Amino acid sequence: MNQTIPDSDPPLKRRSIQVILAMVAVITFAVHGWLFVKQRPSQDNETQRHVDKAVVQIDLNTAPARELALLPSVGPVLAERIIQDRKRYGPFESMDDLMRVHGIGQKRIDQISPYCVIGPTANSGSLMAFSDSTSP
């Protein structure tokens, strides 16, 4: 007589099966959580998108040196040269007038022109903020 002795523990009560099922559950939750976070736009990206759409322009005829120094590729020395040129020769009438400043050429004018404006009056503020019309 060949008698088989039934296993005393059902399959789900075995320790190894429980460990495997727990690991599968943890991995599944981790992957779903990672996908959820990755697909959701972060607060920083949303803020940066709005910052990119706002443009601050500096009036070259009224801005002090500390504001001019904030322009790309313009530091404190070049900002002071712009101020001195403005005092000596008068206000800038166009962006091309910046070429009379030692150290400024067409390449630098191309870099800073999106951030500059030539204002008509000396009593207007030096910083002007504009918003991109394509913003939602």
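Taken in order, the sequence shown gives residues 206 to 341; the numbers are from the numbering used here. Note that the Cβ used here is the ideal one computed from N, Cα and C, for glycine as well. Keep in mind that this is a model prediction, so the values were computed, not measured.
Contact check, residue i vs residue j, beta carbons under 8 Å
i           : j           : result
residue 306 : residue 287 : yes
residue 291 : residue 266 : yes
residue 262 : residue 321 : yes
residue 276 : residue 308 : no
Cut-off 6 Å between Cβ atoms - residues of its own chain near residue i, not counting five sequence neighbours on either side
i           : result
residue 278 : 313, 316
residue 281 : 274
residue 296 : 266
Extent of the continuous alpha helix (DSSP H) to which residue i belongs
i           : result
residue 221 : 220–244
Close Cβ partners of residue i (< 7 Å) along its chain, the five nearest in sequence each way excluded
i           : result
residue 318 : 300
residue 285 : 270
Close-in-space but distant-in-sequence residues of the same chain around residue i (CB under 8 Å, 5 per side omitted)
i           : result
residue 304 : 310, 311, 314
residue 235 : none
Per the contact definition of three or more C-beta pairs closer than 8 Å, is the stretch 314–324 in contact with the stretch 285–300?
yes
Taking the runs of the alpha helix (DSSP H) that are 4 residues or longer, which of them lie wholly in the stretch 248–312?
248–258, 270–273, 281–294
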